[in-house]
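A quick write-up on the structure given underneath.
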Amino acid sequence: MGDSTAASAHGIENMMLRLHQTCMDHIKRATGEAEPEINKVLHLEADLTSWLRVLDNYPESQQLRSAHQDFGLAFYAIMSGLYRQAFSSLRSFLEVAAGATYLSALEFKRRQWISGNLDISWSSIISPEEGLYSTSFLMEFCPEAISEQKQMIKSLKGAYRRCSEYIHGNVATSQMLPNDISYRADIVEEWLSIANAVLRSIIHCFMVRYYVDFGEPQRRIVEASLEDHLSSFPSVRKLLGLPLEEGNVTA
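Residues in the sequence shown are numbered from 140 upward in steps of one, following this note's numbering.
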């Protein structure tokens with residue numbers, strides 16, 4: 140290897156180390172200024188992990204674990220100032236987690252998806268006619284949540300669309316993104332807000348699909364997450380035997 144190559148490699152090392160330091164500075168500022176919102180997201184992520192432990196022996200557990208890794212990458216990216224990558228990985232988490240949950244009830248299609256012979260579209264996952272929150276799906280797995288159908292589809296669509304706007308260079312969002320790694324409180328706050336909504340939505344998806352099949356030991360593991368984060372939903376209050384409350388449901 141010639142001297143010019145070595146010098147080039149050395150230059151790249153220095154550049155990467157400077158970039159790393161810039162990301163470290165961003166992490167320190169983000170964790171200092173957004174601590175309450177970060178803690179809320181981490182609480183939700185910890186509760187999501189409880190669900191994943193219960194689902195560990197299910198056929199789709201590998202896809203759910205892969206989605207969880209995407210969320211970890213998204214969190215690292217937003218803390219480091221890699222904003223577009225943060226929204227991209229967050230959308231991937233949403234898409235794969237919801238898709239695996241939906242296809243868990245369609246074993247043939249799930250196997251085709253795993254083998255690469257089927258591409259699952261986001262529109263099919265959230266289809267009000269045939270998707271995860273279709274009336275027919277809810278009637279079989281969680282009839283208690285039928286009144287929440289439109290609310291949840293709207294929440295999933297909204298999070299997916301907003302992430303996509305950052306990924307695909309929407310003019311308004313592109314103008315918001317800095318040209319270098321520099322702290323933008325408004326973008327960090329928006330990502331944390333969307334991540335909060337996405338995690339709550341995925342926990343709701345898990346409840347809709349799996350709670351009916353859980354035995355008492357599994358239910359005890361996940362019930363705290365439902366009461367902590369989704370107790371405003373009538374379905375959760377019915378499933379947990381809590382008194383019903385009047386008012387709007389938020390996802």
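Ideal Cβ placement from N, Cα and C applies to all residues, glycine included. All values derive from a computational prediction rather than experimental measurement.
| query | result |
| --- | --- |
| Distance between residue 302 and residue 325 (C-alpha atoms, nearest Å) | 15 Å |
| Unbroken alpha helix (DSSP H) run spanning residue 332, endpoints | 324 to 349 |
| For residue 370, three-class secondary structure by DSSP | coil |
| Closest by C-alpha distance to residue 245, when choosing among 360, 194 and 348 | 348 |
| Endpoints, the alpha helix (DSSP H) within which residue 307 is located | That residue, residue 307, is in no alpha helix (DSSP H); it is neither H nor E in DSSP. |
| Straight-line Cα distance separating residue 260 from residue 354 | 32 Å |
| Rounded separation between residue 220 and residue 255 - CA only | 33 Å |
| Run of the alpha helix (DSSP H) containing residue 221, from where it starts to where it stops | Neither: residue 221 is in no alpha helix (DSSP H) and is coded neither H nor E. |
| Other residues of its chain near residue 306: CB distance less than 7 Å, five sequence neighbours each side excluded | 223, 226, 227 and 230 |
| Cβ neighbour criterion (16 or more within 10 Å) applied to residue 340 | buried |
| Helix, strand or coil at residue 237 according to DSSP, with G and I counted as helix | helix |
| Sequence-distant residues of its chain with Cβ nearer than 7 Å to residue 183 (five each side left out) | 335, 338, 339 and 368 |
| Integer Cβ distance of residue 189 from residue 364, believed to fall under 8 Å | 6 Å |
| Identity of the residue in 235, 147, 361 and 352 nearest residue 200 by Cα | 235 |
| Where residue 140 falls: helix, strand or coil (DSSP) | In this prediction, residue 140 scores a pLDDT of 44, lower than 50, which makes its location untrustworthy; the coordinate-derived value is nonetheless stated afterwards. DSSP places residue 140 in coil when its eight states are reduced to three. |
| Length-filtered (4 minimum) alpha helix (DSSP H) runs lying within the segment 247 to 283 | 261 to 264 and 274 to 280 |
| Three CB pairs or more closer than 8 Å across the segment 314 to 324 and the segment 206 to 215 | no |
| Exposed unless 16 or more other CB atoms sit within 10 angstroms - verdict on residue 150 | exposed |
| Residue 266 to residue 175 span [Cα, whole Å] | 35 Å |
| Spatially closest choice to residue 343 from 370, 297 and 380, by CA coordinates | 370 |
| Residue 274 vs residue 285 beta-carbon contact at 8 Å | yes |
| Proximity below 8 Å, CB of residue 299 to CB of residue 242 | no |
| Outcome for residue 185 when other beta-carbon atoms lying within 10 angstroms are tallied against a minimum of 16 | exposed |
| Cα-Cα separation between residue 192 and residue 350, rounded to whole angstroms | 14 Å |
| Secondary structure of residue 197, DSSP reduced to three states | coil |
| Rounded C-alpha distance that separates residue 311 from residue 164 | 27 Å |
| Residue 194 and residue 181 closer than 8 Å at C-beta | no |
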